[in-house]
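J.:
Numbering (our numbering), first residue to last: 220 to 321.
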């Protein structure tokens, strides 16, 4: 199995959280930065949603969306026999995914 690198920002956030340094001020600054990115790059949140969903499908459920079959290793809940789902826009800025993988 191929090793994956953890992004530096995730490591830094985890370090700050564990050291109880993830203050309200730090969170506000990050929220402002995320808002600037969203406004500068329309569609980036949809792309982020797609990447997060693909990660959940492959790593948590254990389904290979490219090959339309289970991954070589099981997901967190075992090996699925099938996969299905849908995505809906439930309000202006909210998306929801329904995933079925028996």
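Glycine residues also receive a C-beta, built at the ideal position from the N, C-alpha and C atoms.
Just how far apart, CA to CA, sit residue 235 and residue 294?
T.: Counting from 1 along the chain shown, the entry for residue 235 is found at position 16. Counting from 1 along the chain shown, the entry for residue 294 is found at position 75. Their Cα atoms are separated by approximately 29 Å.
J.: From which residue to which residue does the beta strand (DSSP E) around residue 307 run?
T.: For the purposes of this step, residue 307 is taken as residue 88 along the chain shown, with counting starting at 1. Taken as a continuous stretch (DSSP letters only), the beta strand (DSSP E) holding residue 307 covers 303-310.
J.: Does the count of Cβ pairs from the stretch 300-318 and the stretch 271-291 closer than 8 Å reach three?
T.: Flag = yes, the stretch 300-318 and the stretch 271-291 touch.
J.: Let me confirm a value: residue 299 is counted as buried when at least 16 other C-beta atoms fall within 10 Å, else exposed. Which label applies?
T.: The residue you call residue 299 lines up with position 80 of the chain shown. With 16 or more other Cβ atoms within 10 Å, it is buried.
J.: To the nearest angstrom, how far is the alpha carbon of residue 285 from that of residue 224?
T.: In the chain shown, counting from the first residue as 1, residue 285 sits at position 66. In the chain shown, counting from the first residue as 1, residue 224 sits at position 5. Whole-angstrom Cα-Cα distance: 22 Å.
J.: In terms of residues, what are the limits of the beta strand (DSSP E) holding residue 316?
T.: For the purposes of this step, residue 316 is identified with residue 97 of the chain shown, where counting begins at 1. Here the beta strand (DSSP E) through residue 316 covers 313-319.
J.: Should residue 247 be labelled buried (16 or more other beta-carbon atoms within 10 Å of its own) or exposed?
T.: Here residue 247 corresponds to residue number 28 of the chain shown, with the count starting at 1. Residue 247 comes out exposed.
J.: Check each candidate in 292, 310 and 250 and name the one with the smallest Cα separation from residue 279.
T.: To locate residue 279, count along the chain shown from 1; it is residue 60. With distances taken between Cα atoms, residue 279 lies closest to 292.
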